[in-house]
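>
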Amino acid sequence: MDIITAKMIKEYSESHKKEIESLLPELVKKLVIASNTEVRNHRFPAGDDIWSPGYDGIVYSEKETTYVSSGCSVWEFGTNNSTLDKIEADYKKRTENSLGVEKKQTVFYLVTSKIWAYNTTITQWEKYHKDWKQVKVYDAVILADWINSEPTVCAWFLAQINKTELYSFFTVEKAWDKFSKRTSPLMVTELFLATREEKIADFMKRLEEDTHHIIVKSYTRVDALGFVLSLLKDKDNYSENVIVVENEVTLKKLMEISKNQVFILMFNYEGELINDNNRIIICTNNEAVSLKDAIQLDILPKHAYETALKNMGLSDGDVYDIYCFTHGNLRALIRKIPGNYIENKPDWADKDSIDALAPLVFMRTINVDMDKYIVEKLSEKSFEEILNIYNKLSRIEDAPLKKVCNRFVIVNYEEAWDVLGLASNQLYYNNLINLIKSFSNIIRTNQTQYIRSFKDFDRILRNLFLNLVYYSYEISYDIKLICTQNPGHIFMN
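Just so we're aligned, residue 1 is where the sequence shown starts under UniProt numbering, counting upward by one.
Printed below as a string of structure tokens:
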């Protein structure tokens, strides 16, 4: 990933001399913490505290990383034009008076916001100065490399020098780390890659052919994004070089300053796909009908989904319950076992037409050929209007229902019940009474065209009373017991 350049740091240092004095210590502090998880102690006065006496920075680390030594290290910063003079002066000052620091056990870092441009190379200069355990010089070139290796710090620094809202982007590896924590236990790659060998081959072919933009579609954008991240996170040539972007503001800025870069979009993007300098990977859902030539992902088969859940460490019982709750929908999975991402309700909860779901929640399943009369009595709408609403709802990303042959089936009874507010609402009771009256009328008048068989009649009633038992806790135990023994006999007496 190559976003920040040495030239950018140098030019900002020259045009914002006062700002860089306080920004440089804060930048290095963030880099030290981000790149080393075993920093025991650190001190980097920044902002108004840069004039504090002592070293500009002190670090004690348990381990060595690419840019930070193990053990004790001290840091001095410089931002003026006479880079070598400043470094020489700082070195002489601290070597003559180390302020109680044991030099032979301490690494001395000299950091400048300028580009080293002298006949003596940095390596040669470091080699000539042997009073400390080790001496390291970091100029704008090394700083740029370090910044680019830490996407969160890179985003922060980019926001500072552009005086704008915080940018947000990651490497594929770090994006996957964040993404997989949406559930607890963590999501595994099998949730996105199992049984999709043909789609994987298609995606990699397009990526290796330098296709300008690649569109991946699935029933949810979560699935499409998980597919791309799972696929690329372990591929060395992509995991650290492809940039995962969280918002459109960041994308526009990165497009402006980058060339030959691949961006994965974590947000819903409907902008122009034309950009000669960079490539984009769009992860979207099936509602994005305007995006053509997409790699279309099908929902995982039940066995693959359940195997992936077991690989997450879930028990057989948990896997069964979760499948009943989610029917393979990843958005529902995130709500069921949330991790670092809390999604309190499904998208469809905000739709104006959700009351039309009530008949389906009551009945659990609606037969398009056989249940017209019952549905109309419950909904007080025409059957055609209800079917139109159901067809629209079945096409959204986080659909509350699905169509199987000639039947509509509720995807998640518990969630639908809660969203509609039925458990604590008189609505269920009123509709149940109306339905009982409707059934009684059918039986008394022998209107067999509305219910084709007693078996079908018993199916509808049994589903209604199952809901009554499991979700409507305010109904008395005696009524529940009577209803579940043989619901059909109530209307035959």
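We put the CB at the ideal spot given by N, CA and C, even for glycine.
(1) Would you check if the distance between the CB atom of P185 and the CB atom of T171 is smaller than 7 Å?
(2) Quick one: residues in its chain with C-beta nearer than 7 Å to the C-beta of V32, no 5 flanking neighbours on either side, listed in chain order?
(3) Runs of 4 residues minimum, wholly inside the segment 320 to 346: which ones carry the alpha helix (DSSP H) assignment?
(4) Let's see if you can read the secondary structure: which residues bound the beta strand (DSSP E) around T123?
(5) Nearest-angstrom Cα distance between N344 and M255?
(6) Can you tell me where the beta strand (DSSP E) with G57 in it begins and where it stops?
(7) From L251 to K17, what does the alpha carbon distance come to, in whole angstroms?
(8) Can you tell me where the alpha helix (DSSP H) holding K12 begins and where it ends?
(9) When the Cα atoms are used, what is the spatial distance from N247 to D145?
(10) Could you tell me the alpha carbon to alpha carbon distance between H303 and Y167, rounded to whole angstroms?
(11) Looking at the structure shown, is V262 part of a helix, part of a strand, or coil, going by DSSP?
(12) Can you tell me whether C405 is helix, strand or coil according to DSSP?
(13) Check the Cβ-Cβ distances between F179 and every residue of chain B, and say whether any is below 7 Å.
(14) Determine the direct distance from the alpha carbon of Q134 to that of V28, and round the result to whole angstroms.
(15) Enumerate in chain order the residues of its own chain whose CB-to-CB distance from L23 is below 7 Å, with the five nearest sequence positions on each side excluded.
(16) Taking the beta carbon of L265 as the centre, do at least 16 other beta carbons fall within 10 Å, making it buried, or is it exposed?
(17) Less than 7 Å between C-beta atoms, sequence neighbours within five positions excluded: which residues of the same chain meet that for K381?
(18) Cα separation between H327 and W75?
(19) Quick one: grab the DSSP three-state call for L291.
(20) Please give me, in chain order, every unbroken run of the beta strand (DSSP E) with length at least 3 that falls completely inside the segment 159 to 198.
(21) What's the gap between the Cα of T195 and the Cα of P301?
(22) Go ahead and label M309 buried or exposed: buried means 16 or more other beta carbons lie within 10 angstroms of its beta carbon, across all protein chains shown.
(23) Just to confirm the assignment, what range does the beta strand (DSSP E) spanning F108 have?
(24) Three-state secondary structure (DSSP) at S218?
(25) Please list, in chain order, all residues of the same chain as L158 whose beta carbon is under 6 Å from its beta carbon, the five residues on each side excluded.
(26) Roughly how many angstroms lie between the CA atoms of S13 and D139, to the nearest whole one?
(27) CA-CA distance, Y413 and R364?
(28) Can you tell which of I281, M204, A175 has the C-alpha that lies nearest to the C-alpha of S239?
(29) With three or more beta-carbon pairs closer than 8 Å as the criterion, would you say the segment 214 to 224 touches the segment 288 to 295?
(30) Going by beta carbon distance, what residues of the same chain come within less than 8 Å of D398, once the five residues before and after it are set aside?
(31) By how many angstroms is the C-alpha of S61 removed from the C-alpha of E102?
(32) Would you identify the three-state DSSP class for N367, choosing helix, strand or coil?
(33) Looking at K63 and S70, is the spacing between their C-beta atoms short of 7 Å?
(34) Work out the CA separation of K377 and H213 for me, nearest whole Å.
(35) Going by other Cβ atoms of all chains shown within 10 Å of its Cβ, with 16 needed for buried, is L154 buried or exposed?
(36) Assign V404 to buried or exposed, taking buried as 16 or more other Cβ atoms, counted over all protein chains shown, within 10 Å of its Cβ.
For this structure:
(1) Contact: no.
(2) V39, H42, V59, V68
(3) 330 to 336
(4) Premise fails: T123 lies in the alpha helix (DSSP H), 122 to 128, not in any beta strand (DSSP E).
(5) 34 Å
(6) Per DSSP, G57 belongs to the beta strand (DSSP E) from 57 to 61.
(7) 28 Å
(8) Residue identity check: residue 12 is Tyr in the sequence provided, not Lys. Start and end: 6 to 15.
(9) 24 Å
(10) Whole-angstrom Cα-Cα distance: 40 Å.
(11) strand
(12) DSSP places C405 in coil when its eight states are reduced to three.
(13) Here chain B cannot be found, since the structure has a single protein chain.
(14) 19 Å
(15) Q160
(16) buried
(17) A356
(18) 56 Å
(19) coil
(20) 169 to 171
(21) Whole-angstrom Cα-Cα distance: 8 Å.
(22) For clarity, residue 309 is Leu in the given sequence; the question names Met instead. L309 should be labelled buried.
(23) 106 to 112
(24) Three-state result, S218: strand.
(25) Within the same chain, L158 has close Cβ partners Y167.
(26) C-alpha separation (whole angstroms): 12 Å.
(27) 8 Å
(28) Of I281, M204, A175, the residue nearest in Cα terms is A175.
(29) yes
(30) T220, N329, R331, A332, P346, D347, W348
(31) 16 Å
(32) Strand at N367.
(33) yes
(34) 50 Å
(35) A quick correction: the sequence has Cys, not Leu, at residue 154. Classification of C154: buried, given that the 10 Å Cβ count is 16 or more.
(36) V404 comes out exposed.
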